[in-house]
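Data first, discussion second: the structure below is written as structure tokens.
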Amino acid sequence: KENLDKGLAKTKESVFKKLSRAVVGKSKVDEDVLDELEEILISSDVGVDTTVRIIERIEKRVDEDKFLGTSELNRILKEEISGLLQENNKGEYDAWELPKSDNPYVIMVVGVNGVGKTTTIGKLAYQFKQSGRKVMLGAADTFRAAAVDQLHIWADRVQVPIVDQGMGADPASVAFETLTKAKKDGIDVVIIDTAGRLHNKINLMNELSKIKRVMDRVIPDAPHEILLVLDGSTGQNAFEQAKQFTLATDVNALAITKLDGTAKGGVVIGVSDQFKIPVKYIGIGEAMTDLQVFNRDEFVDSLFS
Ligand code: GDP
Numbered sequence: 012k013e014n015l016d017k018g019l020a021k022t023k024e025s026v027f028k029k030l031s032r033a034v035v036g037k038s039k040v041d042e043d044v045l046d047e048l049e050e051i052l053i054s055s056d057v058g059v060d061t062t063v064r065i066i067e068r069i070e071k072r073v074d075e076d077k078f079l080g081t082s083e084l085n086r087i088l089k090e091e092i093s094g095l096l097q098e099n100n101k102g103e104y105d106a107w108e109l110p111k112s113d114n115p116y117v118i119m120v121v122g123v124n125g126v127g128k129t130t131t132i133g134k135l136a137y138q139f140k141q142s143g144r145k146v147m148l149g150a151a152d153t154f155r156a157a158a159v160d161q162l163h164i165w166a167d168r169v170q171v172p173i174v175d176q177g178m179g180a181d182p183a184s185v186a187f188e189t190l191t192k193a194k195k196d197g198i199d200v201v202i203i204d205t206a207g208r209l210h211n212k213i214n215l216m217n218e219l220s221k222i223k224r225v226m227d228r229v230i231p232d233a234p235h236e237i238l239l240v241l242d243g244s245t246g247q248n249a250f251e252q253a254k255q256f257t258l259a260t261d262v263n264a265l266a267i268t269k270l271d272g273t274a275k276g277g278v279v280i281g282v283s284d285q286f287k288i289p290v291k292y293i294g295i296g297e298a299m300t301d302l303q304v305f306n307r308d309e310f311v312d313s314l315f316s
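Start counting at 1 in the sequence shown, then tack on 11, and there's your number in UniProt numbering.
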């Protein structure tokens with residue numbers, strides 16, 4: 012929680028400052044306060060649609076209680092945003108818990124270059140290993156030599172095995188070899204890196220479906236998790252990438268990185284709400300330990316307390 016507070020400090024400070032300014036000299040929540048609040052949420056990248064939903068929820072509460080005090084605003088915001096996030100988070104995630112199975116749990120990681128994909132994979136490997144799991148990485152982003160090299164650096168740092176067929180190899184073949192090996196070696200968690208070249212959408216879609224098909228042949232239902240990594244500091248780009256990747260494949264979890272470097276952490280709320288996908292992890296720094304399992308109550312608490 013302490014790290015989370017620190018990681019979200021910029022967003023919190025910005026939201027808090029604006030919110031305090033909006034309610035100064037006012038005792039109750041009125042139209043002006045709601046207008047200000049709308050602007051604050053939009054400027055923290057919550058997104059227009061989601062902001063409108065939040066404002067409507069709060070308007071409803073103001074209607075029910077005409078004398079709703081501005082001192083109550085933070086509490087109500089927390090309740091409403093937490094409620095909104097809960098709707099996309101049906102199967103509540105337990106910290107680093109995995110479903111019981113004889114087969115490895117397979118995470119396929121997607122996202123464009125530069126968003127922090129490799130770092131997130133490294134951090135995940137570290138955390139799963141710390142919790143006593145056997146982890147294996149698969150270097151299926153074979154499009155860039157740097158991607159394979161970077162993944163090796165993380166595998167060395169965290170001391171986990173990695174399967175790599177070099178640059179230019181068929182990503183599906185890398186996935187096949189990784190899952191086959193993982194099964195044989197009694198691995199608990201497999202994390203597969205993939206190339207995220209959005210400029211050719213048909214290719215991306217085909218490549219991801221082929222990797223998925225091959226995985227499912229080795230381990231039924233794999234990949235269990237298709238994790239889309241988004242850079243939290245990129246605002247509308249993150250929304251656009253979420254749109255493209257959800258069209259290309261069945262993304263069922265989000266990791267939002269670099270929240271420590273931005274005052275616009277509201278993107279966590281907006282992307283999850285707009286695409287109805289749970290945020291599973293958040294990145295709040297560059298260190299191995301700077302990845303947290305997303306907890307919506309702690310998150311809104313950090314932002315609005
Ligand atoms: P990739 O191209 O998507 O694989 O991106 P990388 O994993 O190489 O990360 C790009 C840069 O973002 C690196 O300098 C990382 O250290 C940095 N980075 C990744 N996640 C975070 C984060 O949560 N916070 C901060 N501050 N930096 C991050």
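Think of the CB as a built atom: it goes at the ideal place given N, C-alpha and C, for glycine as much as any other residue.
The count of Cβ pairs closer than 8 Å, one atom from the stretch 272-288 and one from the stretch 139-147, stays below three, leaving the stretches out of contact.
Taking every protein chain shown into account, the CB of glutamine 161 has 16 or more other CB atoms within 10 angstroms, so this residue is buried. Judged by pairs of C-beta atoms under 8 Å, the stretch 14-32 touches the stretch 296-304, as three or more such pairs exist. Secondary structure note for threonine 205: its beta strand (DSSP E) is the uninterrupted segment 200-205.
Separation of isoleucine 51 and lysine 275 (C-alpha to C-alpha, rounded to the nearest whole angstrom) is 10 Å. When the alpha-carbon of arginine 208 is set against those of Lys89, Ala158, Gly149 and Val169, the nearest one is in Ala158.
Distances from the alpha-carbon of isoleucine 293 to those of Ala206, Ser55 and Ala264 put Ala264 closest.
Residue pairing by DSSP places glutamine 303 opposite Ile293 in a beta bridge. In the displayed model, glutamate 108 falls within coil according to three-state DSSP, outside both helix and strand.
Burial is judged here by how many other beta carbons sit within 10 angstroms of a residue's own beta carbon; arginine 307 has at least 16 and is buried. In this structure alanine 33 touches glutamate 47 by the C-beta definition: roughly 4 Å separates them, less than 8 Å. By the criterion of a C-beta distance shorter than 7 Å, threonine 62 is surrounded in its chain by Glu49, Leu52 and Ile53, once the five residues flanking it on both sides are discounted. For the pair valine 117 and leucine 45, the CB atoms are not nearer than the 8 Å cut-off.
When DSSP states are grouped into helix, strand and coil, alanine 183 belongs to the helix group. Set against 7 Å, the gap from the CB of glycine 246 to the closest heavy atom of the ligand GDP is not smaller.
Rounded to the nearest angstrom, the Cβ distance from valine 262 to valine 121 is 7 Å, consistent with a contact under 8 Å. Two segments are said to touch when three or more pairs of C-beta atoms, one from each, lie closer than 8 Å; by this definition the stretch 207-224 does not touch the stretch 164-180.
Judged by DSSP secondary structure, alanine 151 falls outside any alpha helix (DSSP H) and instead within the beta strand (DSSP E) spanning 146-151. Setting aside the 5 residues that flank it on each side, glutamine 247 is surrounded in the same chain by Asp56, each with a C-beta closer than 8 Å to its C-beta; the list follows chain order.
At the C-beta level, aspartate 152 and threonine 81 stay beyond 8 Å of one another.
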